[in-house]
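Below is the structure:
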């Protein structure tokens, strides 16, 4: 079930393709499944059916999206600060040493958990069936990436990584750290710049969701993603050593 190196190299664009499919949800027209409401409004309706006042249900759904986006930002920026921009965005798997700092002392895959929580907020803007399909497909893809990375790191780092895996859970964070600090110093500014997409999703929902305009939020998220791609490209270019002139 582990991902191939090609899947890892294309992980960003595979995730984007899955999200696009969720927004498109062509099966709604194929099988005449009704109107294209959003998972956001659907969740609000479902919450009202279990006793939450209708006037508050959509606000609770909005708060869920904002909370998921906020936790995603914390996890991804925190993890990126210790792992480094060049590793987080690299198209190839890297194995330098066992990372035992920051969130990696509590859970082995904080970046992937953060990505899933960010997508929980994004799928609120999709049709309900599209949101379900997108979350399932992205969840399966993330598991493939995790298993692929674990196999790679086990082969490259050997027993120290296996001991780390025994001490630190894969997906459900331990409240207490289970490994000693590794001594890595965080780079917070670079981490924030490399995580503009989840930050943009959080800011978009926090600032605009109270207008209950899904199309406006979709545009804001797309702008955040575009800005993130530009900034990442600039950071990667700045880190690329100049080639000597013959």
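Residue numbers (my numbering): 12 to 257. No residue lacks a Cβ here, since even glycine has one placed at the ideal position from N, Cα and C. In this text the structure is predicted, and so the values were computed from the model without any measurement.
| said: Output needed for residue 212: all residues of its chain with C-beta closer than 6 Å, excluding positions within five of it in sequence on either side, in chain order. | reply: 80, 129, 132 and 232
| field | Other residues of its chain near residue 96: CB distance less than 6 Å, five sequence neighbours each side excluded | value | 201, 205 and 246
| query | If you drop the 5 nearest sequence neighbours on each side, which residues of the same chain put their C-beta closer than 8 Å to that of residue 122? | reply | 86, 87, 90, 91, 94 and 99
| task | Please classify residue 120: is it buried, with 16 or more other beta-carbons within 10 angstroms of its beta-carbon, or exposed? | result | buried
| message | Less than 9 Å between the beta carbons of residue 135 and residue 74, yes or no? | response | no
| query | Who are the near neighbours of residue 71 in its chain, counting only those whose CB is closer than 8 Å to its CB and skipping five residues on each side? | reply | 55, 58 and 63
| request: Thinking residue 157 and residue 181 are a contact (beta carbons under 8 Å), I'd like their distance in whole angstroms, please. | output: 7 Å
| Helix, strand or coil at residue 74 according to DSSP, with G and I counted as helix | helix
| field | Residue environment, residue 174, which counts as buried when at least 16 other CB atoms sit within 10 Å | value | exposed
| message | Between 236, 38, 138 and 69, which has its C-alpha nearest residue 222's C-alpha? | response | 69
| request: Pull up the CB-CB distance for residue 219 and residue 207, whole angstroms please, since I reckon it's below 8 Å. | output: So it is not a contact: roughly 17 Å between Cβ atoms.
| Under the three-state reduction of DSSP, which class applies to residue 56: helix, strand or coil? | helix
| query | Out of curiosity, what's the CA-to-CA distance linking residue 34 and residue 112? | reply | 37 Å
| On the three-state DSSP scale, how would you describe residue 95? | coil
| Out of curiosity, what's the CA-to-CA distance linking residue 243 and residue 203? | 11 Å
| Roughly how many whole angstroms lie between the Cα atoms of residue 66 and residue 48? | 18 Å
| said: Given this structure, state the Cα-to-Cα distance separating residue 160 from residue 15, to the nearest angstrom. | reply: 10 Å
| query | Taking just the CA atoms, how far does residue 44 sit from residue 82? | reply | 33 Å
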